[in-house]
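Peer 1: Would you mind keeping the following structure in view while I ask a few things?
Protein chains: 2
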Amino acid sequence: MAAVVKICNQYSVPFIARGSGTGLSGGALPSEDSVLIVTSLMRQILSVDLDNQRIIVQPGVINSWVTQTVSGAGFYYAPDPSSQIICSIGGNVAENSGGVHCLKYGVTTNHVLGLKIVTPEGEIVDLGGQIPESPGYDLTGIFVGSEGTLGIATEITLRILKSAESICVLLADFTSVEAAGATVSDIISAGIIPGGMEMMDNVSINAVEDVVATNCYPRDATAILLVEIDGLEVEVAVNKQRVIDICKQNGARSVTSASDPEMRLKLWKGRKAAFAAAGHLSPDYYVQDGVIPRTQLPYVLQEIEVLSQKFGYPIANVFHAGDGNLHPLILFDNAIPGALEKVEELGGEILKLCVRVGGSISGEHGIGADKKCYMPDMFSDADLETMQWVRQVFNPQGLANPGKIFPTPRTCGEAANVANHKQLEGVERF
Amino acid sequence: MAAVVKICNQYSVPFIARGSGTGLSGGALPSEDSVLIVTSLMRQILSVDLDNQRIIVQPGVINSWVTQTVSGAGFYYAPDPSSQIICSIGGNVAENSGGVHCLKYGVTTNHVLGLKIVTPEGEIVDLGGQIPESPGYDLTGIFVGSEGTLGIATEITLRILKSAESICVLLADFTSVEAAGATVSDIISAGIIPGGMEMMDNVSINAVEDVVATNCYPRDATAILLVEIDGLEVEVAVNKQRVIDICKQNGARSVTSASDPEMRLKLWKGRKAAFAAAGHLSPDYYVQDGVIPRTQLPYVLQEIEVLSQKFGYPIANVFHAGDGNLHPLILFDNAIPGALEKVEELGGEILKLCVRVGGSISGEHGIGADKKCYMPDMFSDADLETMQWVRQVFNPQGLANPGKIFPTPRTCGEAANVANHKQLEGVERF
Ligand SMILES: Cc1cc2nc3c(=O)[nH]c(=O)nc-3n(C[C@H](O)[C@H](O)[C@H](O)COP(=O)(O)OP(=O)(O)OC[C@H]3O[C@@H](n4cnc5c(N)ncnc54)[C@H](O)[C@@H]3O)c2cc1C
Ligand SMILES: Cc1cc2nc3c(=O)[nH]c(=O)nc-3n(C[C@H](O)[C@H](O)[C@H](O)COP(=O)(O)OP(=O)(O)OC[C@H]3O[C@@H](n4cnc5c(N)ncnc54)[C@H](O)[C@@H]3O)c2cc1C
């Protein structure tokens with residue numbers, strides 16, 4: 497890896513790391529002629545240390561393999577993107593990926609202890625270490641989520657957790673989105689942190705029932721909540737009852753529960769297949785990814801409905817409700833000229849709405865190429881400038897994944913000018 | 497704050513942020529003539545948002561005030577250094593401080609959502625935000641633990657947690673350190689994550705009994721373990737029994753338990769007073785701070801005993817056992833010429849031992865001025881160089897807390913040469 501990167505430097509050719517190519521913000525797509533460095537031959541588990549709860553893997557290792565490797569001994573790897581059977585750990589690190597279980601256990605950055613990276617100039621550097629806290633600057637933390645712009649991860653030390661003694665999944669059926677949203681807030685306010693808490697709206701429910709037929713999701717529900725509770729058996733029993741009570745108090749028509757592994761998987765199956773199912777509803781769909789403070793859920797869902805009406809495109813809503821991480825799926829037909837542009841505009845309006853209520857333009861899918869023009873909506877020039885100075889440190893020649901994350905005047909127009917001006921100044925100074 | 501920093505820049509005068517001055521690695525001590533910017537007049541709680549579980553504070557706010565502010569509503573701020581009734585949140589952020597409850601809930605960096613900082617050039621920049629995940633580089637993460645070298649935090653958004661329904665503290669009494677160490681491993685292996693798990697050796701036990709007279713710590717124990725269990729009432733009941741069983745299996749002579757708040761405080765009182773009590777054992781003492789993988793506990797304690805014998809200074813051991821974070825207290829008399837140098841050498845040997853077994857030269861007290869010469873024991877030249885480039889980005893003139901974290905040839909000799917050479921090169925390029 498270091499040799500390849502050095503050669504790229506020698507000839508000033510940009511390069512882009514690529515794991516499994518499941519990224520949803522165009523991060524692994526070249527924006528100019530580049531060498532694509534695909535990690536799919538780097539799929540070794542390098543070491544497993546159960547006593548100290550850590551595992552070292554190569555970047556091409558598939559997310560779900562990590563849990564598979566340690567589950568026999570009663571451990572698991574917590575971050576579980578819906579794409580987990582195909583996406584790579586290297587990609588997860590680059591995107592700081594989340595998943596259903598990240599509400600309770602934290603996203604990727606909370607599970608990466610250390611990294612070996614090849615810097616954009618081809619040097620091999622160790623960041624962090626084998627234990628949770630390392631002195632000096634937290635460069636591991638800055639690398640996680642940097643979307644391939646600060647170098648390529650070649651060895652990743654992950655923290656693994658002990659599997660819970662007991663797990664229960666609840667499915668609550670609501671006749672209004674507001675009620676489901678209020679339930680989410682009430683569960684958290686009660687001090688219960690579910691292993692996962694996901695919401696799906698009527699459109700998504702029907703889409704997944706059409707495609708994967710769980711036969712568990714009520715087709716006439718306005719919204720469902722999936723709540724996973726894990727812990728000691730006694731703890732799960734008590735929290736299960738508390739969650740059921742809260743759902744009922746908020747008007748849930750019914751609450752189904754599943755404790756045996758097969759039935760639990762069945763309840764989750766629809767949620768995990770939601771993106772794929774959207775593809776059956778409509779010739780094309782556009783996944784948006786934004787975050788809002790949990791308390792703004794009902795308001796924001798209403799506003800999304802207003803935008804959907806205004807633009808004339810149906811929107812299916814699936815989201816990590818506990819984290820306030822929305823995934824509106826905009827349904828459209830790309831064969832109709834001009835549709836994609838309209839949909840992108842609608843997607844942008846949703847992001848601006850998220851920022852307006854104090855949220856973020858990306859929850860877990862990154863900025864990549866797709867969202868870089870929205871960065872100035874969230875960050876001031878000084879903020880963006882500071883990030884770009886950090887980029888210069890690692891990536892002085894700008895060869896590692898150029899054209900990502902930061903706004904450029906060519907694609908974003910005026911908004912990018914100030915930040916970009918500084919970036920160019922940076923290039924000269926180095 | 498920004499105005500003061502700008503004036504310092506104008507006259508090229510170094511400046512150092514200072515909170516309460518409780519830091520244990522000399523971070524807030526000027527190494528050359530400097531302006532000391534003390535945050536003790538910035539003690540306002542700026543906003544409290546219980547629904548979204550966050551609070552915004554000024555940097556001079558004292559750690560324990562945060563919990564005091566929200567405890568009436570059933571919330572608390574998790575990181576609780578033993579110095580919590582006096583240290584500032586700004587200092588906590590700069591040192592990425594830990595405490596008894598960080599085993600289960602994570603250190604400061606896991607609880608800082610966003611920061612407003614004054615950069616070393618006097619600009620005001622926002623890092624992170626009001627919600628847990630923010631796109632772009634994780635500059636909040638890099639600022640936390642940067643020991644005042646990347647700027648001064650002026651507003652800090654903290655995550656607050658819901659108080660547990662039930663809490664129980666256990667005190668287990670062992671006749672060997674190995675048995676206590678094995679108990680720690682067994683508890684974690686059983687999948688129990690205590691709210692806190694602390695170990696004290698015989699010397700420390702007697703020191704605190706002499707000084708604060710808890711009358712609970714058995715003076716003839718070779719080691720005691722303090723284990724706090726929190727959660728639902730049912731959960732605490734089950735885990736309490738499991739922990740008692742594990743202690744007994746490992747030969748604990750007795751296990752005392754306390755559930756009511758007053759008695760719990762009494763059990764913790766000795767641990768919290770351990771550093772202060774050491775001051776009564778001996779005219780002077782030197783606190784060391786290192787981390788080891790948990791499984792190395794018994795071996796490392798044995799080696800520390802060997803070093804104590806070899807150098808001829810008694811060592812009291814107090815530590816965050818669950819995290820493998822050691823705090824050996826070396827007892828000596830500074831009036832004896834040459835003693836301090838000997839003790840510093842002994843402290844250094846302990847750090848090298850930590851690194852040798854795969855640990856770290858600092859758990860929570862930072863590098864500051866005291867440990868910078870040990871950085872090359874843990875990091876390669878390329879690693880240190882990368883950190884120093886990041887420092888240059890924020891701190892191009894080197895005015896913010898100079899002479900900290902990174903080795904310098906004047907104080908560290910040869911070891912510092914490579915890293916420092918690059919640093920100087922960096923200064924020129926900017
Ligand atoms: C159906 C579906 C469901 C999804 N669900 C989720 C979800 O629940 N949560 C979630 O967070 N995401 C989700 N995603 C998005 C995606 O799976 C994640 O972002 C994933 O981490 C990408 O991994 P990858 O290996 O496919 O990376 P790629 O797409 O190959 O690359 C993504 C980025 O990572 C960089 N990169 C790859 N490898 C490295 C490396 N070794 N070092 C440095 N940079 C590298 C690339 O340059 C690129 O910028 C989903 C995607 C799909 C298609
Ligand atoms: C008895 C005792 C017990 C202790 N127990 C613990 C413990 O359990 N866990 C633990 O982690 N530590 C512990 N400490 C160490 C110390 O209390 C912590 O490091 C604490 O966070 C320092 O806070 P302070 O306000 O005193 O900072 P100071 O000592 O004033 O400063 C420490 C560093 O922070 C920087 N700084 C201060 N304010 C700012 C700001 N606003 N912006 C940027 N940089 C800033 C300073 O420049 C300096 O480098 C203990 C100390 C004592 C004396």
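The listed protein sequences derive, respectively, from chains A and B. In terms of the working numbering, the first sequence opens at residue 497 and continues consecutively. In terms of the working numbering, the second sequence opens at residue 497 and continues consecutively. Every residue, glycine too, gets a C-beta built ideally from N, C-alpha and C.
Assess, as a yes-or-no matter, whether the stretch 706 to 722 of chain B is touched by the stretch 666 to 676 of chain B under the definition of 3 or more beta carbon pairs within less than 8 Å.
Peer 2: Flag = yes, the stretch 666 to 676 of chain B and the stretch 706 to 722 of chain B touch.
Peer 1: Just to confirm before moving on: does the CB-CB distance between THR605(A) and GLY644(A) stay below 9 Å?
Peer 2: No, the pair does not count as a contact, with Cβ atoms beyond the cut-off.
Peer 1: Kindly list, in the order they appear in chain B, the residues whose Cβ is closer than 8 Å to that of PHE875(A).
Peer 2: Those are ASP622, GLY632, listed as they occur along chain B.
Peer 1: Verify the CB distance criterion: does ALA865(B) have a CB-CB separation below 9 Å to chain A?
Peer 2: Answer no: the Cβ-Cβ gap between ALA865(B) and chain A never drops below 9 Å.
Peer 1: Grouping DSSP H, G and I as helix and E and B as strand, with all else coil, what is VAL565(B)?
Peer 2: The sequence shown places Thr at residue 565(B), not Val. THR565(B) falls in the helix class under three-state DSSP.
Peer 1: Can you pull the chain A neighbours of MET693(B), defined as C-beta to C-beta under 7 Å?
Peer 2: Going along chain A, no residue has its Cβ under 7 Å from MET693(B), so there is no contact; the nearest lies around 15 Å.
Peer 1: Taking all protein chains shown into account, do 16 or more other C-beta atoms lie within 10 angstroms of the C-beta of ASN592(A), making it buried, or fewer, making it exposed?
Peer 2: That one is buried.
Peer 1: So the candidates are CYS504(A), LEU623(A), SER579(A); which of them puts its Cα closest to the Cα of MET883(B)?
Peer 2: The residue with the shortest Cα to Cα distance from MET883(B) is LEU623(A).
Peer 1: For THR653(B), which three-state DSSP category applies?
Peer 2: Correct three-state label for THR653(B): strand.
Peer 1: Using a beta-carbon distance cut-off of less than 9 Å, what residues from the stretch 848 to 864 of chain A approach chain B?
Peer 2: Here the close residues are GLY854, GLY855, SER856, ILE857, SER858, GLY859, GLU860, GLY862, ILE863.
Peer 1: Below 9 Å between beta carbons: does that hold for ALA569(A) and THR535(A)?
Peer 2: Contact: no.
Peer 1: Residues of the stretch 708 to 728 of chain A with a CB closer than 7 Å to any CB of chain B: list them in chain order, please.
Peer 2: Result list: GLY727, LEU728.
Peer 1: Output, in chain order, the set of chain A residues within a Cβ distance shorter than 8 Å of ARG790(B).
Peer 2: Neighbours of ARG790(B) on chain A, chain order: ASP547, ASN548.
Peer 1: Among GLN792(A), CYS850(A), ASN821(A), ALA878(A), whose alpha-carbon lies nearest the alpha-carbon of MET696(A)?
Peer 2: The shortest Cα separation from MET696(A) among GLN792(A), CYS850(A), ASN821(A), ALA878(A) belongs to ASN821(A).
Peer 1: One question on the structure: do ALA774(A) and ALA812(A) come within less than 9 Å of each other, judged by their Cβ atoms?
Peer 2: Contact: yes.
Peer 1: Which of helix, strand or coil does DSSP assign to ASN891(A)?
Peer 2: ASN891(A) falls in the coil class under three-state DSSP.
Peer 1: Please determine whether the Cβ atom of HIS861(B) lies at a distance below 8 Å from any heavy atom of ligand 2.
Peer 2: Answer for HIS861(B): yes, Cβ within range of ligand 2.
Peer 1: Any idea which residues DSSP pairs SER472(B) with across the strands?
Peer 2: For residue 472(B) there is no data in the structure shown, the boundaries of chain B being 497 and 926.
Peer 1: Please report the straight-line C-alpha distance between LEU667(A) and ASP785(B), rounded to a whole angstrom.
Peer 2: Approximately 48 Å, taken between the alpha carbons.
Peer 1: Any chance you could list the beta strand (DSSP E) runs of at least 3 consecutive residues sitting entirely within the stretch 710 to 768 of chain A, in chain order?
Peer 2: Complete beta strand (DSSP E) runs here, min 3: 719 to 727, 750 to 754.
Peer 1: With ASP813(A) as the anchor, note down where its beta strand (DSSP E) starts and where it stops.
Peer 2: Looking at the sequence itself, residue 813(A) is Asn, so the reference to Asp does not match. Segment 811 to 816, the beta strand (DSSP E) holding ASN813(A).
Peer 1: Secondary structure at ARG550(B), three-state DSSP: helix, strand or coil?
Peer 2: Three-state result, ARG550(B): strand.
Peer 1: Which residues in the same chain have their Cβ closer than 7 Å to the Cβ of ARG715(B), if we skip the five residues on either side of it in sequence?
Peer 2: Around ARG715(B): ILE701, ASN702, GLU705.
Peer 1: Which residues in chain A sit within 8 Å of ILE740(B), going by Cβ to Cβ distance?
Peer 2: Per Cβ cutoff of 8 Å: no residues; ILE740(B) is ~15 Å from chain A at best.
Peer 1: Return no unless some Cβ of chain B is closer than 9 Å to the Cβ of ASN821(A).
Peer 2: Chain B contact via Cβ: present.
Peer 1: Which of the residues in the stretch 550 to 561 of chain A, read from start to end, lie with their CB under 8 Å from any CB of chain B?
Peer 2: Those would be none; no residue qualifies.
Peer 1: Helix, strand or coil, according to DSSP, for VAL614(A) in the structure here?
Peer 2: Strand.
Peer 1: Quick check on PRO824(A): does DSSP put it in helix, strand or coil?
Peer 2: Here PRO824(A) sits in strand by DSSP.
Peer 1: For the alpha helix (DSSP H) containing ALA835(B), list its first residue and its last residue.
Peer 2: Element bounds for ALA835(B): 835 to 852.
Peer 1: Quick one: is LYS736(A) buried, meaning 16 or more other Cβ sit within 10 Å of its Cβ, or exposed?
Peer 2: When all chains shown are included, LYS736(A) counts as buried.
Peer 1: Would you say GLY894(B) faces chain A, with C-beta separation under 9 Å as the test?
Peer 2: Not an interface residue.
Peer 1: From PRO555(B) to VAL589(B), what does the alpha carbon distance come to, in whole angstroms?
Peer 2: Answer to the nearest angstrom: the Cα atoms are 9 Å apart.
Peer 1: Can you give me, in chain order, the residues of the stretch 654 to 665 of chain A that have a beta carbon less than 9 Å from any beta carbon in chain B?
Peer 2: If the cut-off is 9 Å between Cβ atoms, the stretch 654 to 665 of chain A has LEU657, LYS658, SER659, ALA660, GLU661 near chain B.
Peer 1: With three or more C-beta pairs closer than 8 Å as the rule, is the stretch 853 to 867 of chain B touching the stretch 516 to 524 of chain B?
Peer 2: Contact holds: three or more Cβ-Cβ distances are below 8 Å.
Peer 1: Report yes if the CB atom of ILE683(B) is closer than 9 Å to the CB atom of ILE742(B), and no otherwise.
Peer 2: In contact: ILE683(B) and ILE742(B) (Cβ atoms closer than 9 Å).
Peer 1: For THR882(B), go through chain A and note every residue whose CB falls closer than 9 Å to its CB, in chain order.
Peer 2: Chain A residues near THR882(B): THR615, GLU619, VAL621, LEU623, TYR633, LEU635, VAL889, PHE890.
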